[in-house]
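Below is one structure, written out as structure tokens; comments come after it.
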Ligand SMILES: Cc1cc2nc3c(=O)[nH]c(=O)nc-3n(C[C@H](O)[C@H](O)[C@H](O)COP(=O)(O)OP(=O)(O)OC[C@H]3O[C@@H](n4cnc5c(N)ncnc54)[C@H](O)[C@@H]3O)c2cc1C
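Protein chains in written order, with this note's numbering: chain A, 1036 to 1281; chain B, 1014 to 1326.
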């Protein structure tokens, strides 16, 4: 099975979130980038497991600049066979999806996997857009994925429950918790990653649909009001009369 | 602006649907709703400002490709300039597809009405709720997926006409083999009130006191990540940066330390109550009301106090 896994960088979960240039740019100062956890833990690892059981190839793709090669090497160290970097700033989800879809169209993948969202923009957009560009089925937020020939069996979250579904390849699947367990790259993987093929491709021209104009931070919380543990009637009173939430 | 709202089948009486229709109404133009399946109850959306509800009753189940075709047909039929979804699991699959199909920019997870003075920009949560972004949409047709609990539904007392509609939905590509829906539970992302607990509860057998409180409040239950990871609670209850992001009116957290990744999923809550035996727990810095105490004693007392309050009111 020929699998394409889309990976994105995201700031480490403990990063301080701040903005520069009149609140128009994310302040990267001191920020450590990681592979977006959903892409790494679930999409990539499940792709590798499938390859290990049924054979095939796992290509990873990211839209980003040269500085992002550290996350590519990490994904290769975990076990992907080869990598593609579309050499461009990932300005919005539509741009990223357009670039990836164009590559995917030319390279006949059976399966395109993504994480369910990134932890920086939380948009859940790229996978669905790729599916529409390729005109193939899209299973979103899958927590299990099994393959039998050209049939995929998936478990996916739906509003208020779970569904077991079947879909034929080629397809796009976005991956959520439950799909696989995080893998820590070993020394051999890290060494091998250095020589695995990395193709750098120029982006194609795409219309701008959306753009982030500015950012802001939430207002600072006021000090927490402490309540005596033996006086829950007071808390109930505050929730009713002061906070007005009950 | 002329608006089209997609509403999930059987969700005509859901709060999230009222919010989406209210949002559309506030854009100032005609409001059309599109849905599939049974039309029963659809006219009720008129109360929130819908003029018309288009229902394609040729299908009772639909996958995201079919819903995309349905909504695209309705955009063509109505000339809508803005398409609105409630940001749920269906919208997360359909709205991106529709964006490509209609060449329409998508705002995913909007939390406010757009600013239209100079262009069209809309506020969203970014960095898992740690910041906000303003997204400008440059295309003629715009798609907005509205985060639940972002605006107050407004009953304007109108009625909607319900019309049969052919959405040219085509065949399903996704075959549903089995559906599991836990009965009676409130879906977490839509809940106004949430009671959540963490590793401080020590074991799954102790969740009775959490559920008692949730039942008295009519709240949904949630948990921290390690609690879902070790299997004390189901995965769909896991909130935080790598779980569900929620923004209820009230979030009560017992025995949760308040790690940055946990806070990322809950800091959009209007009011946060923290119960923790450690007065140094970081969660108190993000809380509105704090109780330093043993959850095993505080939770039942709070449940009792709420029962008294409910009986008196
Ligand atoms: C990449 C990444 C992503 C993550 N994503 C998430 C996420 O999405 N959501 C999430 O929740 N976590 C996430 N985490 C984990 C997070 O860092 C914390 O480890 C986790 O939230 C801690 O869970 P907890 O508060 O239940 O447990 P603990 O940190 O063990 O805290 C238990 C708390 O209970 C209190 N306590 C103990 N006994 C009692 C008692 N009797 N009464 C009252 N209080 C008591 C203790 O004082 C303590 O504060 C992530 C971590 C990483 C690295």
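Ideal Cβ positions, reconstructed from N, Cα and C, are used throughout, including at glycine.
Comparing C-alpha distances from residue 1221/A to each of 1114/A, 1065/A, 1063/A shows the shortest one belongs to 1114/A. Residues of chain B with a Cβ closer than 9 Å to the Cβ of residue 1256/A are, in chain order, 1280, 1285, 1298, 1299, 1300, 1301. Contiguous alpha helix (DSSP H) elements confined to the stretch 1172 to 1234 of chain A occur at 1222 to 1228, taking only those with 4 or more residues. DSSP places residue 1044/A inside the beta strand (DSSP E), whose first and last residues are 1044 to 1046. At the C-beta level, residue 1154/A and residue 1254/B come within 7 Å of one another. Remark: C-beta atoms of residue 1065/B and residue 1174/B approach each other more closely than 7 Å. Residue contact check for residue 1133/B against chain A: no CB pair falls below 7 Å.
Below the 7 Å Cβ cutoff, chain B contributes no neighbours of residue 1214/A, its closest Cβ being approximately 11 Å away. Boundaries of the alpha helix (DSSP H) around residue 1110/B: 1102 to 1115. Of the heavy atoms belonging to ligand 1, none sits nearer than 6 Å to the Cβ of residue 1155/A. For the stretch 1182 to 1197 of chain B, the beta-carbon criterion of a distance under 7 Å to any beta-carbon of chain A is satisfied by 1186, 1187, 1188, 1189, 1190, 1191, 1192, 1193, 1194, 1195. For residue 1153/A, there is no enclosing alpha helix (DSSP H), as DSSP gives it neither H nor E.
For residue 1237/A, no Cβ of chain B is located within less than 7 Å of the residue's own Cβ. Short note on residue 1249/B: C-beta not closer than 6 Å to any heavy atom of ligand 1. Within chain B, the residues 1187 have their CB atoms less than 8 Å from the CB of residue 1174/A, given in chain order.
Per DSSP, the unbroken alpha helix (DSSP H) holding residue 1242/B starts and ends at 1238 to 1242. Residue 1199/B is positioned such that its CB atom lies no closer than 7 Å to that of residue 1157/B. Residues of the stretch 1132 to 1151 of chain A with a Cβ closer than 7 Å to any Cβ of chain B: none. Selection 1091/A, 1261/A, 1175/A, 1103/A evaluated against residue 1063/A yields 1103/A as nearest (Cα-Cα). DSSP places residue 1193/B inside the beta strand (DSSP E), whose first and last residues are 1188 to 1193. Relative to the non-hydrogen atoms of ligand 1, the Cβ of residue 1129/B never comes closer than 6 Å to any of them. The Cβ-Cβ distance between residue 1033/B and residue 1018/B falls below 7 Å.
If you keep only unbroken alpha helix (DSSP H) runs of at least 4 residues inside the stretch 1211 to 1273 of chain B, you get 1221 to 1230, 1238 to 1242. Here the residues close to ligand 1, judged by CB distance below 5 Å to any of its heavy atoms, are 1048/A, 1211/B, 1212/B, 1213/B, 1237/B, 1238/B, 1239/B, 1253/B, 1254/B, 1255/B, 1256/B, 1268/B, 1269/B, 1270/B, 1272/B, 1274/B, 1275/B, 1289/B, 1290/B, 1291/B, 1294/B, 1307/B, 1308/B in chain order. Apart from sequence neighbours up to five positions away, the residues of its chain that approach residue 1237/B with a beta-carbon distance below 6 Å are 1211, 1269, 1275, ordered along the chain. DSSP places residue 1063/A in the coil class of the three-state scheme, outside both helix and strand.
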